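Engineer: 142 is the number of the first residue of the sequence shown in this note's numbering; add one for each residue after it. First, the structure itself, so that you have it in front of you.
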Amino acid sequence: MGEGGSAARFFRFSRRKDIIGADVPMQFAAAGQAQAGSARRQWSGQMIFRQLFDSVSGTYTYLIASRRGGEALIIDPVLEKVDRYMQLIRELDLKLVKAVDTHLHADHITGLGALRDQTHCITVMGEQTKADVVAMRVAEGDRVGIEGLSLDVLYTPGHTDDSYSYLMGDRIFTGDTLLIRGTGRTDFQNGDPRAQYDSIFNKLLRLPEETLLFPAHDYKGDTVSTIGEEKRFNPRLQVKSVDEYVDLMNNLHLPNPKMMDVAVPANIHIGLHQEEIARKGWAVSAKEALGLRGRADVVIVDLRERAERERHGVIPGALHAPYADLQENLSAGGMLHELAVATGKRVVFYCAFGERSAMAVQAAQDAGVGSACHIEGGIDAWKKAGGVVGE
């Protein structure tokens, strides 16, 4: 939960109070910024950029796509607003493929689980998160990509120990780390004012001053700022040392968020009910999977993205079929459908932690691939069971 300072800046594009933003050409940060370089080349024409507001929790949610009719991602969705997000996604003819939370929220229940259930999107959070909803866990230096755009991942702890920011060309989504004329509180969920000082002063404030800043919260009607503005006008950033900042943050004496006792447990435990998949016989444990590797009647399928495979390794001999292509691969004539039909082999899916593979099993069963199953816990469980991992 963020807690900001005073401000009186309004930046509204839409007449609807709950939808702020516009489909605008992408502008980019100053030349020479390596992180923005790849994004600078990926845009042509208009992108979809919608800032959506939940007045109850003061949360900003961001819906982004490179074009109408294309793939989309959403940042910091709120459960109570999922129907509205889905309506907008349908109206813009978008396919939601990734849903991102910047951190484990304490003031609202995340919409990640509901969006995953309705769209089969990939849920994304930082690798420190305790949430079981997460299908893809990212770290500093990773990229979160969809068709036509990507977000560079910055680890910015302090508000919580799992706080991340996401840089997309000329704009950065800072979660509750850096707010408009304020900073996120640091007195719960392993918050640390020293870590936050480092995240802000040694990472975020080193971005080009014209970089647009879009936070996860605001309580006074402000919608956007810039790094340069926050350097000059954010009252919490006018400190002369880390010790002064720590003293400031340790003496805010704020009440706990009203939803904290409900939201935090709910946001930790909203993963898929994988026991239902197991009950149907569509799951194998990592230890059981060790005995399947190398069998002639089994094909192991890796659903992860290339960057995940490079970073965490692969099960040797596994076929790579990214989750994003699952629908095509399982349809009649698709690679996985034809492989299962032509060879009669049992298809065994795996991913990072079992979220995507559980959804893939259900999709495979619906497509008539009745032999499909998945490895519970993904490659994470495979490693813990002593499974061989290759590059």
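Beta carbons: idealized from backbone N, C-alpha and C, even for Gly. Predicted model only: the values in this text are computed from it and were never measured.
Only counting the same chain, and skipping five residues up and downstream in sequence, which positions put a Cβ closer than 6 Å to that of H261?
Structural biologist: Within the same chain, H261 has close Cβ partners M500.
Engineer: Express the C-alpha separation of V455 and V405 in angstroms, rounding to a whole number.
Structural biologist: Looking at the two C-alpha atoms, the distance is approximately 33 Å.
Engineer: Considering only C-alpha positions, which residue in the set Y360, E385 and F194 is nearest to D217?
Structural biologist: Residue F194 is the option with its Cα nearest to D217.
Engineer: Out of curiosity, what's the CA-to-CA distance linking P398 and A419?
Structural biologist: So the alpha carbons of these two residues sit roughly 37 Å apart.
Engineer: By how many angstroms is the C-alpha of E446 removed from the C-alpha of V502?
Structural biologist: If you take the alpha carbons of V502 and E446, they lie about 18 Å apart.
Engineer: Got a sec? Which residues, its chain only, sit under 8 Å from V489 by beta carbon, not counting five neighbours each side?
Structural biologist: Counting only Cβ-Cβ distances below 8 Å, and skipping sequence neighbours, we find V425, A430, L433, V439, V440, I441, V442, A513, C514, H515 and I516.
Engineer: Hey, would you say G316 sits closer than 8 Å to S306, going by beta carbons?
Structural biologist: Taking 8 Å as the Cβ cut-off, G316 and S306 qualify as a contacting pair.
Engineer: If you drop the 5 nearest sequence neighbours on each side, which residues of the same chain put their C-beta closer than 8 Å to that of M309?
Structural biologist: So the list reads A180, I205, L290, S291, L292 and D293, once near-sequence residues are dropped.
Engineer: Using the rule of at least 16 other Cβ atoms within 10 Å of the residue's Cβ for burial, across every protein chain shown, is A473 buried or exposed?
Structural biologist: The residue in question, A473, is exposed, as its Cβ has fewer than 16 Cβ neighbours within 10 Å.
Engineer: Does DSSP put F329 in a helix, in a strand, or in coil?
Structural biologist: Coil.
Engineer: Out of L220, G325, L214 and A247, which has the shortest C-alpha to C-alpha gap to L233?
Structural biologist: Among L220, G325, L214 and A247, the Cα nearest to that of L233 is on L214.
Engineer: For F342, does the three-state DSSP call read helix, strand or coil?
Structural biologist: Three-state DSSP puts F342 in a helix.
Engineer: With DSSP run on the structure shown, which of helix, strand or coil describes V529?
Structural biologist: V529 falls in the coil class under three-state DSSP.
Engineer: Are I341 and L354 closer than 8 Å when you measure CB to CB?
Structural biologist: Not closer than 8 Å, so no.
Engineer: On a CA-only basis, which of G282, E288 and V274 is nearest K236? Give me that one, please.
Structural biologist: For K236, the nearest C-alpha among the options comes from E288.
Engineer: Could you check how far apart the C-beta atoms of I409 and A272 are, in whole angstroms? I think they sit under 8 Å.
Structural biologist: Indeed, because the Cβ distance is near 5 Å, the residues count as touching under 8 Å.
Engineer: Return the residue from the list Y296, T352, T301 and S366 that minimises the CA-CA distance to R322.
Structural biologist: When only C-alpha atoms are compared, the closest one is S366.
Engineer: Within 10 angstroms of its Cβ, does T200 collect 16 or more other Cβ (buried), or is it exposed?
Structural biologist: T200 should be labelled buried.
Engineer: With a threshold of 8 Å on Cβ separation, who are the neighbours of L444 within its own chain once the five nearest residues in sequence on each side are excluded?
Structural biologist: A462, P463, Y464, L467, F490, Y491, C492, R497, S498 and A501, listed in sequence order.
Engineer: My output table needs one value for Q174: the three-state DSSP class, helix, strand or coil.
Structural biologist: For Q174, the pLDDT reaches just 40, beneath the cut-off of 50, and the residue's location in the model is therefore unreliable, although a value from the coordinates is still provided. Looking at Q174 - three-state DSSP - the assignment turns out to be coil, as it is neither helix nor strand.
Engineer: On the three-state DSSP scale, how would you describe E517?
Structural biologist: Coil.
Engineer: If we require 3 or more residues per run, which beta strand (DSSP E) segments fall completely within the segment 266-340?
Structural biologist: For the segment 266-340, whole beta strand (DSSP E) runs of length 3 or above, ordered along the chain, are 277-279, 284-287, 290-296, 305-309, 312-316 and 323-325.
Engineer: Taking the straight line between their C-alpha atoms, what separation do you get for A247 and W423?
Structural biologist: Their Cα atoms are separated by approximately 34 Å.
Engineer: For K524, tell me which candidate among K486, A505 and H453 has the shortest Cα-Cα distance.
Structural biologist: Per the Cα distances, H453.
Engineer: Give the list of continuous beta strand (DSSP E) stretches no shorter than 3 residues that lie fully inside the segment 347-379.
Structural biologist: Complete beta strand (DSSP E) runs here, min 3: 353-356.
Engineer: At which residues does the beta strand (DSSP E) containing E212 begin and terminate?
Structural biologist: Here the beta strand (DSSP E) through E212 covers E212 to I216.
Engineer: Taking a contact to mean a Cβ-Cβ separation below 8 Å, would you say E370 touches L378 in this structure?
Structural biologist: No, the pair does not count as a contact, with Cβ atoms beyond the cut-off.
Engineer: Helix or strand or just coil, what does DSSP make of D234?
Structural biologist: Note: D234 maps to coil in three-state DSSP.
Engineer: So what's K524 in DSSP terms, helix, strand or just coil?
Structural biologist: K524: helix per DSSP, three-state reduction.
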